[in-house]
Amino acid sequence: MPALVFVAAATLAGCSSTPSESTPSATASGSVTTPAPTPSPSPSPSPTPLALAKHPLTGLAQTTPATRPALMVKIDNVGGALPQTGVPMADIVFEEPVEGGLTRLVAVFNTVDPGVVGPIRSARPIDAQIARMLGNSILMFSGASRYEIRPVKRDSKATLIADDWNTAPGTFERNPDKSGDHTLFGSATKAWAWAARKGTPDTAPNQPFAFSDARSASAVPTKDVSIRFEGTRVEWTWSASKSVWKRSQNGSPHEDTESGQLTADTVVILSVPISYDPQLHDVLGNPTPVVSLEGTGTVWLLRDGTKTRGTWSRANIDAPLVLTDASGAVLGVKPGHTWVEILPQPAKPE
Numbered sequence: 074m075p076a077l078v079f080v081a082a083a084t085l086a087g088c089s090s091t092p093s094e095s096t097p098s099a100t101a102s103g104s105v106t107t108p109a110p111t112p113s114p115s116p117s118p119s120p121t122p123l124a125l126a127k128h129p130l131t132g133l134a135q136t137t138p139a140t141r142p143a144l145m146v147k148i149d150n151v152g153g154a155l156p157q158t159g160v161p162m163a164d165i166v167f168e169e170p171v172e173g174g175l176t177r178l179v180a181v182f183n184t185v186d187p188g189v190v191g192p193i194r195s196a197r198p199i200d201a202q203i204a205r206m207l208g209n210s211i212l213m214f215s216g217a218s219r220y221e222i223r224p225v226k227r228d229s230k231a232t233l234i235a236d237d238w239n240t241a242p243g244t245f246e247r248n249p250d251k252s253g254d255h256t257l258f259g260s261a262t263k264a265w266a267w268a269a270r271k272g273t274p275d276t277a278p279n280q281p282f283a284f285s286d287a288r289s290a291s292a293v294p295t296k297d298v299s300i301r302f303e304g305t306r307v308e309w310t311w312s313a314s315k316s317v318w319k320r321s322q323n324g325s326p327h328e329d330t331e332s333g334q335l336t337a338d339t340v341v342i343l344s345v346p347i348s349y350d351p352q353l354h355d356v357l358g359n360p361t362p363v364v365s366l367e368g369t370g371t372v373w374l375l376r377d378g379t380k381t382r383g384t385w386s387r388a389n390i391d392a393p394l395v396l397t398d399a400s401g402a403v404l405g406v407k408p409g410h411t412w413v414e415i416l417p418q419p420a421k422p423e
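Residues in the sequence shown are numbered from 74 upward in steps of one, following the working numbering.
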């Protein structure tokens, strides 16, 4: 706020050849009138700080509002793909089950441009549900079979950028240090620019769940939690010194090429129903899990070195996730970086 400037007016004395002391004037009765002291100006009140907006994907205060779509990138998560690039800079990471008991990541970027990210793999039907939860979004992936891409095209409402379709020339590149199916990487910078040229709105994504600075009253102190997909074991271990959850996968620290072991401020573990469609499978014939993120189920929330069991619910494909504890109180995600584990029923965290 600009400072207030006070300007004092100068009083000009009458003309005289020599300076003289100011003399009190005499009243008619002969008494002397003393000039009243000039009051000092009151200090300007301190400006009231403006409330900073909270980012819809992190819950953290931001100096400027979010004004670009969420960028969803499908990340390979098998042994040959590790270490990955760019994942630590994601605001939210969804881990989803795919064929053969393996998992794939959906890294969601908005607050930070990660530059190059990968390895990038193909889309799955569940990506449409995540995209609708986020609202204004871009989905960046390698490709997909005609049966798997059908619900994504039909339901996601996202801007789709696929290497197989050559939709955004120059956005993807091959990494010679990788091999097999793990060589495809992409530029987040170019993906956002291409989507803007194609008319993707320059507006913020939706908030997918509630945030809170305080943990639930029913939270239980917990040092580590493990979850098992059919072919992938994940461990989250609380680091009191760094106040984050550290991630390991299949017995080893899960690391990125640049920042080391992956971490999260909050881990949301959703127990979800799955089904199978005979038309959906990989090249080896392994069926694709069809995941539903609508309805209700059990949730476990890890934050601040605690675990809280509760219920997740989602009214429809456009609705956010609502997380509540056993008393019905809202379970708030800690502001910061969040991982969402989409765990097929009947598996539970241990």
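Just so you know, even glycine gets a beta-carbon here, dropped at the ideal spot from N, CA and C.
The secondary-structure analysis by DSSP pairs Glu168 across a beta bridge with Leu178, Glu414.
Taking the Cβ atoms as the reference, Asp237 lies roughly 19 Å from Ser252, outside the contact range of under 8 Å.
Shown here, Ala126 sits in a strand according to DSSP, grouped into three states. In the three-state reduction of the DSSP assignment, Gln352 falls in the strand class. When secondary structure is reduced to three states using DSSP, Ala277 falls in the coil class, being assigned neither helix nor strand.
Across the structure, Ala261 and Ala292 are spaced so that their CA atoms are roughly 37 Å apart. A contact is defined here as three or more CB-CB pairs under 8 Å, and the stretch 314-323 fails this definition with respect to the stretch 129-149.
Under DSSP, Pro242 forms no beta bridge with any residue.
Following the DSSP letters along the chain, one finds Pro360 inside the beta strand (DSSP E) bounded by residues 360-364. As a beta-bridge residue in DSSP terms, Ser299 pairs with Glu308. With a cutoff of 9 Å on beta-carbon distance, Val189 and Val179 are scored as not near each other. Beta-bridge partners assigned by DSSP to Trp385: Gly370, Leu396.
When the Cα atoms are used, Pro294 and Lys380 turn out to be separated by approximately 6 Å. For Lys421, the closest of Met206, Val298, Ala399, Thr240 by C-alpha to C-alpha distance is Val298. When the five nearest sequence neighbours on each side are left out, the beta carbons in the same chain lying within less than 8 Å of the beta carbon of Gly152 are those of Asn323, in order along the chain.
9 Å or more divides the Cβ of Ala283 from the Cβ of Leu207.
For Lys226, the enclosing alpha helix (DSSP H) has its first and last residue at 219-228. Judged by DSSP in its simplified three-state form, Gly333 adopts strand. Boundaries of the beta strand (DSSP E) around Arg320: 317-322. Setting aside the 5 residues that flank it on each side, His327 is surrounded in the same chain by Arg320, Ser321, Gln334, Leu335, each with a C-beta closer than 7 Å to its C-beta; the list follows chain order. Comparing C-alpha distances from Phe302 to each of Pro393, Ile347, Asp186 shows the shortest one belongs to Ile347. Val395 and Glu331 have their C-alpha atoms spaced approximately 34 Å apart. Here the alpha carbons of Thr273 and Pro142 stand approximately 8 Å from one another.
Thr379 sits in a strand when the DSSP states are folded into three classes.
Boundaries for Lys271: no beta strand (DSSP E) harbours it, and the DSSP string shows neither H nor E there. Its chain contains Thr232 as the residues whose beta carbon lies nearer than 8 Å to that of Lys271, once the 5 sequence neighbours on both sides are disregarded; these appear in chain order. Under the three-state reduction of DSSP, Ile211 is assigned to strand. With respect to the C-alpha of Ile211, the residue from Ala268, His255, Ser195, Pro351 having the closest C-alpha is Ala268. For the options Ala201, Pro408, Asp350, Thr158, the alpha carbon positioned closest to that of Ala392 is the one of Ala201.
When C-alpha distances from Leu175 are compared across Thr371, Glu367, Asn359, the shortest belongs to Asn359. With a contact defined as Cβ atoms closer than 8 Å, Asp338 and Thr411 qualify at about 7 Å.
Each residue's CA atom was taken as its position, placing Val160 and Asp329 some 7 Å apart.
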